[in-house]
Structures are given as structure tokens and as C-alpha cells.
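Chemist:
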Amino acid sequence: MTAAQHCDEPIRGHMVLVPTPPKGGFTARDLPRLMEVVDARFELLDGEVVMMAPSTHWHNEVIDILKFALRRIAPSDIVIATEQGVDLGPTVPEPDLLAVNRAVVSADSLSFPPKDVHLVIEVMSPGTKTKDRVLRPAQYSEAGITCFWRVENESGAIVVYTFELLPEGGYAPTGIFRSRLKVDRPFPIDIELPEVTW
361 MTAAQHCDEP IRGHMVLVPT PPKGGFTARD LPRLMEVVDA RFELLDGEVV
411 MMAPSTHWHN EVIDILKFAL RRIAPSDIVI ATEQGVDLGP TVPEPDLLAV
461 NRAVVSADSL SFPPKDVHLV IEVMSPGTKT KDRVLRPAQY SEAGITCFWR
511 VENESGAIVV YTFELLPEGG YAPTGIFRSR LKVDRPFPID IELPEVTW
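Residue numbers for the sequence shown follow this note's numbering, beginning at 361 and rising by one.
See below:
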């Protein structure tokens, strides 16, 4: 199939209920009810339900690699969570990975207050470049989350860009890591970044 043939094909889809927000918009408190009616992955942005782009196989593999590597070395009072929200009120972004205080984690956790989140990690997909490079750092730094990592695909290899919160706000870059990631914050981390294979 050529690119021209692909562009001429109609885009097919199915109906997904996107609830109309109440006055003032939805918040993290509404997530359990929203999960019952929205049949797809979503986040809240300024009180509105926003559908999430499908993830690639590479994206999912990297999440697994980082999740298991970080779980092995995280302090006992930190939980490495995946695809849980950060409660910013009417905005609830859902980073790919989070390092969260164990005290606020329960079996039915859907989101966490930013004061209990030490690290957020976004694994970039083709459809999330602007969100992961611009929107997410602004949201997370404004919320006071100490560490932010953005993970990118460099010819199939994992590249981790690390950032730390500045006292005056905003993030400062602290490193670019290939093959091995070694940082002191949010806790001492020294992990290999293996080739992504399946």
C-alpha cells in the first residue's frame, strides 16, 4: 500500500461516550464514575475528558523495563506505580511511571496528590511529542514535583532526559542518559538501559 492509497482511505471508528463536564468541570473525585462510562483510556485536562493516544509496543516495553528496574532499588517507603493520575484538581495527567509515597497508595488508588509524588516519567510516543516536551513539564513543575524524566526512542534505544525542579519553579535539565542511568534524586538510582527487544 502506498502513502497516497493510505491517505485516501476513510478513517473508521467506533462511538465512545465522552461525558459532558458539569459546571466547573470534572476532578479526580469523578474518576471512579468516569471509568464506568468512558470505554477508553483518558485523562482530565481543565475539567474535560481527553482521550489518550494509543501507545506503541516500544513504549510499553520501555515502561516495563523501567518499572521493574526501579522497583528493585526503590526505598521501602516509595512505590513505583504505572499509569496512575496526579491530582491537580480539574487536571489529572496520567504519567507512564511515578515514584509515590507508600503511605498514600491503596488497592483502589486512581490518582495521587503531587506532594506525595517524587518522580514522574513520560515515555514519548509519536503522538505525544508536544505533550511530553512542553505541556507535561509545565504541569508537573507547577505542581512542585521534584523530578521529571522524559524517555525517547533513539533508533530503538532508550534515551532518558532527566530534570529537577528549580527553587524558583520550572525544571532544569540534569542529564541525558544512554545505556546506563545514574542519578542521586529522587533516590539513588544506578540502572542499565538495555536494548529494547522482544
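Each residue gets a CB set at the ideal place from its N, CA and C atoms; glycine is no exception.
Among Glu408, Met484, Ile371, whose alpha-carbon lies nearest the alpha-carbon of Pro382?
Modeler: Of Glu408, Met484, Ile371, the residue nearest in Cα terms is Glu408.
Chemist: Starting from the C-beta of Asp550, find all residues in its chain whose C-beta is less than 6 Å away, skip the five residues before and the five after it, and write them out in chain order.
Modeler: For Asp550, where only same-chain residues beyond five positions count, the Cβ hits under 6 Å are Lys542.
Chemist: What number of angstroms, rounded off, separates the C-alpha of Gly504 from the C-alpha of Arg393?
Modeler: Rounded to whole angstroms, Gly504 to Arg393 spans 28 Å at the Cα level.
Chemist: Taking 8 Å as the threshold (C-beta atoms), are Arg538 and Ala517 in contact?
Modeler: Yes, Cβ-Cβ distance for Ala517 and Arg538 is below 8 Å.
Chemist: By Cβ distance below 6 Å, which residues in the same chain neighbour Glu443 in space, the five residues on each side in sequence not counted?
Modeler: Same-chain partners within the cutoff: Glu454.
Chemist: Please check the pair His478 and Ile433, which I expect to be a contact at CB under 8 Å, by giving their CB distance rounded to whole angstroms.
Modeler: Contact doesn't hold; Cβ gap of about 14 Å is too wide.
Chemist: What are the boundary residues of the alpha helix (DSSP H) that includes Asp424?
Modeler: Asp424 -> alpha helix (DSSP H) spans 417-433.
Chemist: Restricting to Cα atoms, I'd like to know which of Asn513, Leu405, Val378, Glu403 is closest to Val397.
Modeler: It is Val378.
Chemist: Can you list, in chain order, the residues of its chain whose CB lies under 6 Å from that of Lys489, leaving out five sequence neighbours each side?
Modeler: Answer for Lys489: no residue qualifies.
Chemist: Would Asp544 be called buried (16 or more neighbouring beta carbons within 10 Å of its own) or exposed?
Modeler: Answer is exposed; the Cβ neighbour count stays below 16.
Chemist: Who pairs with Gly445 in a beta bridge, going by DSSP?
Modeler: Ser471.
Chemist: Quick check: what's the CA-CA separation for Leu470 versus Val452?
Modeler: Going from the Cα of Leu470 to the Cα of Val452 covers about 10 Å.
Chemist: Taking all protein chains shown into account, decide if Trp558 is buried (16 or more other Cβ within 10 angstroms of its Cβ) or exposed.
Modeler: Trp558 is exposed by the Cβ-count criterion.
Chemist: Cβ atoms of Pro497 and Phe523: under 8 Å apart, would you say?
Modeler: For Phe523 and Pro497, yes; Cβs fall inside 8 Å.
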